[in-house]
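Protein chains in written order, with my numbering: chain A, 1 to 291; chain B, 1001 to 1281.
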């Protein structure tokens, strides 16, 4: 039932990207995503796509596996495309009923799909190549300065790593309960929606109870082993930057410089390119894309 | 209503590297009213086998026949066997969800589409069978003790009046008195209600005492299918599967080793007692 979710699950492999410090990956993904939102034009996306392709090649995760995780968000993508195509005002290409399809709409939809694709793939590469533990370690280190403002950074990080740890446990538990209730005649795979909604309560109530029971047990076990929060707690594997991490930061910096430069000079650049290819088919395509 | 496994095979893990055959070509036929003990080492495929028998997962190959009908055939409605094959999972109390004990036991019969009176009379009967007092029918199942919860959960399955009742370690985590109660109940269901029982247990003593026939599963394969006395004659074979003899049989073996001429085929405490009395007389 929950086995198809590959988005966000760690994928074991031996690659540079896997070995990178989680702080680099977190900062990189964050800046990368911001760059996708700030500069909304095709040239910047091209540069972003090149960087992402390089990372995909380096991380040694089968592309098919990575794309399988995208199925979960396919619906959102289709939704965005349909709405952008059908409801964007502009030079109407053709219209029917309340819809009008315009070139501008198609262009917006295209940009939207590229952006969503880059966003989701970049985010999933981070989680695919970083174990949840390292991820929370990285977050804790990055947000440590907030402690000055009395933000319980360590506690948040601990909560997050526990939550992540519980996902497979609870999904296994859910699977068991589904089987037990199916044996008692619940219709989880019925085609009738009412049957399926009715069978949710016998699943959700035991699942919640089990989650609470496990949480209580875990809290007790942690306290019994002397856990008392973040103060004075040391790490078994402290995060330490290596040469590859500094190189990554430099690559990231270069990427941002290039993107910012391209983003600022985009309109001028576009004009130059259009002029250069003027009166050719390619020129016409460029005119459409850039305006 | 005989139940037959026909070359049943089940494989876990879609990924080629991680594939493990949990149930490997098991063929076995179980007649009405039999009390079957199913034993095997942890991870031997017992639970998977039970889930296949109950039609909860689909086999890779082979099939299960209930009353001669293939339950995995394309046009077979699996929902129709829910009232015939009952399965009590490990820690069944984890599936309780209703506000009251009585309502929870009614859940199964309700799903069978029975009339209101029938549902309530079945729930009453099932709760009486497992020895739950009427005073706690309207309590929340979550307020009960561990043993009571377990019995309510079992009542929830019995109330569906299955012809075949499958139990996956129903005594796990209970104290000795609780174990005895549950096993006595299961034995009564077999003798008095004529249910076919398939009981998984880690306790050799329990299966030795109650089962008519024992199936030993090792590494997904059906290794031994015989009466308890025959099974516990295969000491070395059982040990190679990570299983052992019942405690009393072990004790008898030790007695014999220390020079007392007892027969070592006693598998229950009563048999052992008679045998020792016979020897010392």
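A virtual CB, placed ideally from N, CA and C, is assigned to each residue, including glycine.
Computed from a prediction, not measured in an experiment: that's the story for all the values here.
Best match in the options for proximity to residue i [C-alpha to C-alpha]
{"i": "residue 1039 of chain B", "options": "B/1204, B/1252, B/1082 and B/1280", "result": "B/1204"}
{"i": "residue 1317 of chain B", "options": "B/1231, B/1219, B/1107 and B/1265", "result": "Residue 1317 of chain B cannot be examined here, being either before or after the span of chain B that is shown, 1001 to 1281."}
{"i": "residue 62 of chain A", "options": "A/115, A/39, A/285 and A/14", "result": "A/14"}
{"i": "residue 70 of chain A", "options": "A/30, A/33, A/118 and A/52", "result": "A/118"}
{"i": "residue 1230 of chain B", "options": "B/1078, B/1106, B/1279 and B/1267", "result": "B/1267"}
{"i": "residue 159 of chain A", "options": "A/136, A/94 and A/243", "result": "A/136"}
{"i": "residue 199 of chain A", "options": "A/143, A/178 and A/37", "result": "A/178"}
{"i": "residue 56 of chain A", "options": "A/39, A/122, A/210 and A/44", "result": "A/122"}
{"i": "residue 1028 of chain B", "options": "B/1261, B/1213, B/1263 and B/1127", "result": "B/1213"}
{"i": "residue 237 of chain A", "options": "A/9, A/10, A/11 and A/22", "result": "A/22"}
{"i": "residue 1064 of chain B", "options": "B/1221, B/1202, B/1224 and B/1009", "result": "B/1009"}
{"i": "residue 1130 of chain B", "options": "B/1157, B/1224 and B/1120", "result": "B/1157"}
{"i": "residue 253 of chain A", "options": "A/24, A/11, A/10 and A/18", "result": "A/24"}
{"i": "residue 1046 of chain B", "options": "B/1159, B/1239 and B/1202", "result": "B/1202"}
{"i": "residue 255 of chain A", "options": "A/44, A/88 and A/26", "result": "A/44"}
{"i": "residue 285 of chain A", "options": "A/42, A/138 and A/9", "result": "A/42"}
{"i": "residue 143 of chain A", "options": "A/65, A/72 and A/27", "result": "A/27"}
{"i": "residue 204 of chain A", "options": "B/1177, B/1272, B/1097 and B/1242", "result": "B/1097"}
{"i": "residue 1179 of chain B", "options": "B/1078, B/1012, B/1122 and B/1206", "result": "B/1206"}
Status (buried if at least 16 other CB within 10 Å, exposed otherwise) for residue i
{"i": "residue 76 of chain A", "result": "exposed"}
{"i": "residue 3 of chain A", "result": "Note that residue 3 of chain A scores 49 on pLDDT, short of 50, meaning its location in the model is unreliable; the coordinates nonetheless yield the value given after this. Exposed."}
{"i": "residue 109 of chain A", "result": "buried"}
{"i": "residue 301 of chain A", "result": "There is no way to answer for residue 301 of chain A, as the model of chain A reaches only from 1 to 291."}
{"i": "residue 1274 of chain B", "result": "exposed"}
{"i": "residue 231 of chain A", "result": "exposed"}
{"i": "residue 105 of chain A", "result": "buried"}
{"i": "residue 20 of chain A", "result": "buried"}
{"i": "residue 1211 of chain B", "result": "buried"}
{"i": "residue 1145 of chain B", "result": "exposed"}
{"i": "residue 1 of chain A", "result": "Only weak support is given to the placement of residue 1 of chain A: the predicted model assigns it a pLDDT of 41, under 50, and the value that follows is read from those uncertain coordinates. That one is exposed."}
{"i": "residue 1279 of chain B", "result": "exposed"}
{"i": "residue 1264 of chain B", "result": "buried"}
{"i": "residue 1161 of chain B", "result": "buried"}
{"i": "residue 84 of chain A", "result": "buried"}
{"i": "residue 1216 of chain B", "result": "buried"}
{"i": "residue 1222 of chain B", "result": "buried"}
{"i": "residue 1232 of chain B", "result": "buried"}
{"i": "residue 1209 of chain B", "result": "buried"}
{"i": "residue 1244 of chain B", "result": "exposed"}
{"i": "residue 1249 of chain B", "result": "buried"}
Limits of the beta strand (DSSP E) - the one that residue i falls within
{"i": "residue 1215 of chain B", "result": "1213 to 1218"}
{"i": "residue 1024 of chain B", "result": "1020 to 1030"}
{"i": "residue 79 of chain A", "result": "Run containing residue 79 of chain A: none in the beta strand (DSSP E); it sits in the alpha helix (DSSP H), 71 to 87."}
{"i": "residue 1086 of chain B", "result": "1085 to 1088"}
{"i": "residue 1010 of chain B", "result": "1003 to 1012"}
{"i": "residue 1036 of chain B", "result": "1035 to 1040"}
{"i": "residue 1063 of chain B", "result": "1061 to 1066"}
{"i": "residue 61 of chain A", "result": "Segment: none, residue 61 of chain A is in no beta strand (DSSP E) and carries neither H nor E."}
{"i": "residue 1166 of chain B", "result": "1164 to 1168"}
Near the ligand NAP: residue i beta-carbon under 7 Å from a heavy atom
{"i": "residue 1082 of chain B", "result": "Summarising the ligand content, the structure contains no ligands, and the ligand NAP is consequently not present."}
Delimiting residues of the alpha helix (DSSP H) encompassing residue i
{"i": "residue 113 of chain A", "result": "103 to 129"}
{"i": "residue 281 of chain A", "result": "281 to 290"}
{"i": "residue 1270 of chain B", "result": "1269 to 1280"}
{"i": "residue 18 of chain A", "result": "16 to 19"}
{"i": "residue 267 of chain A", "result": "266 to 276"}
{"i": "residue 1053 of chain B", "result": "1046 to 1053"}
{"i": "residue 28 of chain A", "result": "22 to 38"}
{"i": "residue 235 of chain A", "result": "First-last for residue 235 of chain A: undefined, no H or E at that position."}
Please specify which runs of the alpha helix (DSSP H), each continuous and at least 4 residues long, are wholly inside the stretch 1094 to 1151 of chain B, giving them in chain order.
Those alpha helix (DSSP H) runs which fall completely within the stretch 1094 to 1151 of chain B and span 4+ residues are 1101 to 1111 and 1116 to 1129.
Specify whether the stretch 1188 to 1207 of chain B and the stretch 1025 to 1033 of chain B touch according to this definition: at least 3 beta carbon pairs, one from each stretch, less than 8 Å apart.
yes
Taking only runs of the beta strand (DSSP E) that begin and end inside the stretch 1181 to 1245 of chain B, which ones reach a length of at least 3 residues, in chain order?
1196 to 1200, 1213 to 1218 and 1221 to 1226
The stretch 1102 to 1113 of chain B in contact with the stretch 1124 to 1140 of chain B per 3-pair CB rule at 8 Å:
With a cut-off of 8 Å, the stretch 1124 to 1140 of chain B and the stretch 1102 to 1113 of chain B count as touching, because enough Cβ pairs lie within range.
Which ranges would you report for the alpha helix (DSSP H) in the stretch 190 to 225 of chain A if only whole runs of at least 4 residues count?
193 to 198 and 201 to 224
Answer yes if the stretch 1144 to 1152 of chain B comes into contact with the stretch 219 to 237 of chain A, meaning at least three C-beta pairs across the two stretches below 8 Å, and no otherwise.
No, they do not touch.
Indicate whether the contact test is met: 3 or more Cβ pairs, each with one atom in the stretch 247 to 254 of chain A and one in the stretch 162 to 179 of chain A, closer than 8 Å.
no
Check whether the stretch 1162 to 1172 of chain B touches the stretch 1072 to 1089 of chain B, counting contact only when three or more Cβ pairs, one atom from each stretch, lie closer than 8 Å.
yes
Assess, as a yes-or-no matter, whether the stretch 1046 to 1066 of chain B is touched by the stretch 1005 to 1014 of chain B under the definition of 3 or more beta carbon pairs within less than 8 Å.
yes
Three or more beta-carbon pairs under 8 Å between the stretch 178 to 198 of chain A and the stretch 135 to 154 of chain A, yes or no?
When C-beta atoms of the stretch 178 to 198 of chain A are compared with those of the stretch 135 to 154 of chain A, fewer than three pairs fall below 8 Å, so the two segments do not count as touching.
May I ask you to verify whether the stretch 1244 to 1260 of chain B touches the stretch 1173 to 1193 of chain B, counting CB pairs closer than 8 Å and requiring at least 3?
no
Segment contact flag, the stretch 159 to 170 of chain A with the stretch 123 to 134 of chain A, C-beta cutoff 8 Å, min 3 pairs:
Inter-segment contact for the stretch 159 to 170 of chain A and the stretch 123 to 134 of chain A is present: three or more beta-carbon pairs are separated by less than 8 Å.
What runs of the alpha helix (DSSP H), each 4 residues or longer, lie entirely inside the stretch 127 to 164 of chain A?
132 to 142
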